[in-house]
Amino acid sequence: MPDSATHEERAKRNIEFLKSFYPSKKHPDWTVTVCFYTAVHIIERAIYASAGTLKFKRKSITALHSDDLQYPVGRHEKRRLIVIENFSEISRPYTKLYSQSKTARYLKFEIPHERIGPLSIDPLNQIIEWSNNNFGTTFPFDL
100 MPDSATHEER AKRNIEFLKS FYPSKKHPDW TVTVCFYTAV HIIERAIYAS
150 AGTLKFKRKS ITALHSDDLQ YPVGRHEKRR LIVIENFSEI SRPYTKLYSQ
200 SKTARYLKFE IPHERIGPLS IDPLNQIIEW SNNNFGTTFP FDL
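So the sequence shown is numbered by my numbering: it starts at 100 and just counts up by one.
Structure follows, in structure tokens:
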């Protein structure tokens, strides 16, 4: 699994990719998807940085990555459960991105560009701000 620095680098790369097409107002499905996977890397970096202090189902865990957990649900669901229990401040924005990303990827629901901000950019901004404030990251976000 990637380490903390790798997750941080991938999140920054995703932000740069997002900046390359979001202003054109094209590809709202990709905007939502890239926002979600940027959040995934930010959260995985936080999980890595918080190893030894996290809980899962009210029990202490030493996982460095959500995939380390032995629990019979998918990786995104494991991560969502970790967020809910340990990083409640970003539970809503992460869950919103998770839901909207699934819709965009699997249901091919077209999201009007004017809804992209509230559905994906705003939640990602909240997660970035949380990470920068709590983990000393310097994720840029100037869309």
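C-beta atoms are modelled at their ideal positions from N, C-alpha and C, and glycine is treated no differently. For clarity, every value in this text was computed on a predicted model and none was experimentally measured.
### Query
Who pairs with F155 in a beta bridge, going by DSSP?
Here residue 155 refers to the residue found at position 56 when the sequence shown is read from its first residue. Per the DSSP secondary-structure output, F155 pairs in a beta bridge with K158.
### Task
Would you mind stating whether L148 and Y193 have Cβ atoms separated by less than 7 Å?
The residue given as residue 148 occupies position 49 in the sequence shown. The residue given as residue 193 occupies position 94 in the sequence shown. Before going further, note that residue 148 is Ala rather than Leu in the sequence given. For A148 and Y193, no; Cβs fall outside 7 Å.
#### Entry: I215 vs P127 beta-carbon contact at 7 Å
Numbered from 1 along the sequence shown, position 116 holds the residue referred to as residue 215. Numbered from 1 along the sequence shown, position 28 holds the residue referred to as residue 127. Closer than 7 Å, so yes.
### Cα-Cα separation between L180 and A162, rounded to whole angstroms
Here residue 180 refers to the residue found at position 81 of the sequence shown. Here residue 162 refers to the residue found at position 63 of the sequence shown. If you take the alpha carbons of L180 and A162, they lie about 13 Å apart.
### Query
Of the residues L168, A145, A104, N113, which one's Cα is nearest the Cα of E188?
Your numbering for residue 188 matches position 89 in the sequence shown. Measuring C-alpha to C-alpha distances from E188 to each of L168, A145, A104, N113 identifies A145 as the nearest.
### Task
Below 8 Å CB to CB, which residues in the same chain sit around P211 once its five sequence neighbours on both sides are set aside?
Indexing the sequence shown from 1 puts residue 211 at position 112. P127.
### Message
Is it buried or exposed, F186, if we count other Cβ atoms within 10 angstroms and call 16 or more buried?
### Response
Start at 1 with the first residue of the sequence shown, and residue 186 comes out as number 87. Looking at its Cβ environment, which holds 16 or more other Cβ atoms inside 10 Å, F186 is buried.
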